[in-house]
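Take the position in the sequence shown, starting the count at 1, then add 1; the result is the number in this note's numbering.
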Amino acid sequence: MPVHARHYREPALLRSATGPDAEALMSWFADRDACKLWGGPAFRHPFTPASFAEDMRFASLAGYALTDVNDTLLGFGQIYPKLQRIHLARLAIRPDMRGTGLGKRLIGEIITAGQKLFSLRDSSLFVYRRNAAARHCYSRMGFVDAAWPDRDRVLPDCQFMIRIEAVTAQDPEFI
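Have a look at this one:
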């Protein structure tokens with residue numbers, strides 16, 4: 002992982018992902034290991050544009066692109082409802098921008114989008130245990146290790162993590 006002495010301080014915008022974003026993502030995963038670390042064990046590599054879009058379920062999952070003011074892709078992630086939580090999937094920051102704080106921005110904005118889209122508060126994700134940089138980022142964002150939701154489908158090298166949002170007096174469901 003590159004180490005950056007600076008943080009990305011320019012404006013970054015979250016928008017719905019488009020086909021060209023999926024094409025740009027393909028260049029971020031040069032080998033099978035990088036692809037599996039991001040997309041999961043069933044993600045095919047080498048891939049074609051069609052297999053890439055199919056394996057990431059581009060057409061069926063809500064996908065978001067984090068871009069700069071010139072609409073250059075900086076980060077990507079997908080969300081869907083799972084077990085009454087916003088489940089984050091396939092989170093990635095452009096390789097030359099890793100370590101600049103964009104991961105935290107991407108996650109924060111995707112969670113906010115998911116709260117609005119699904120009317121859910123808490124979040125979850127899966128991460129490979131050996132992906133230390135991602136685990137560190139997720140921990141800093143308030144995610145903690147949790148028991149696997151489906152004990153029949155445990156992947157031995159993956160960890161399930163959850164983030165529980167605090168309830169405040171301003172929340173409509175506060176009692």
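All C-beta atoms, glycine included, are put in the ideal place defined by N, C-alpha and C.
All figures in this text were calculated on a predicted structure; none of them were measured in a lab.
Residue burial classification, residue i (beta-carbon count within 10 angstroms, cutoff 16)
i    : result
G109 : exposed
D22  : buried
S125 : buried
L14  : exposed
T113 : exposed
Q79  : buried
L84  : exposed
D158 : exposed
L156 : exposed
Residue i versus the options, residue with shortest Cα-Cα distance
i    : options                   : result
G143 : G40, C36 and M162         : M162
G41  : Y139, G115, F127 and F59  : F127
P69  : S61, E166 and Y9          : The residue asked about is misnamed: residue 69 is Asp in this sequence, not Pro. Of the candidates S61, E166 and Y9, the one whose C-alpha sits nearest the C-alpha of D69 is Y9.
G115 : R136, L89, T101 and A134  : L89
A35  : R86, E11, L67 and I94     : I94
I87  : R130, A134, R154 and D123 : D123
G20  : R7, S61 and F44           : S61
C138 : A147, K105, K117 and L75  : K105
R130 : F119, G102, D153 and Q160 : Q160
W29  : L103, W149, P96 and A148  : P96
F53  : N71, E11 and A25          : A25
Y65  : R45, L107, A134 and D153  : L107
R7   : G102, D72 and I111        : G102
Beta-ladder partner(s) of residue i, from DSSP
i    : result
R16  : A66
K105 : DSSP lists no partner for K105.
I87  : P82 and S124
V155 : According to DSSP, V155 bridges with nothing at all.
For residue i, three-class secondary structure by DSSP
i    : result
S28  : coil
G100 : coil
F48  : coil
G40  : helix
I80  : strand
F59  : coil
I94  : strand
Y139 : helix
Chain D contact for residue i (CB, 8 Å cutoff)
i    : result
G143 : Considering every chain present, this structure includes no chain D. It has just one protein chain.
- Can you find at least 3 beta carbon pairs, one from the region 132-150 and one from the region 44-55, that sit closer than 8 Å? no
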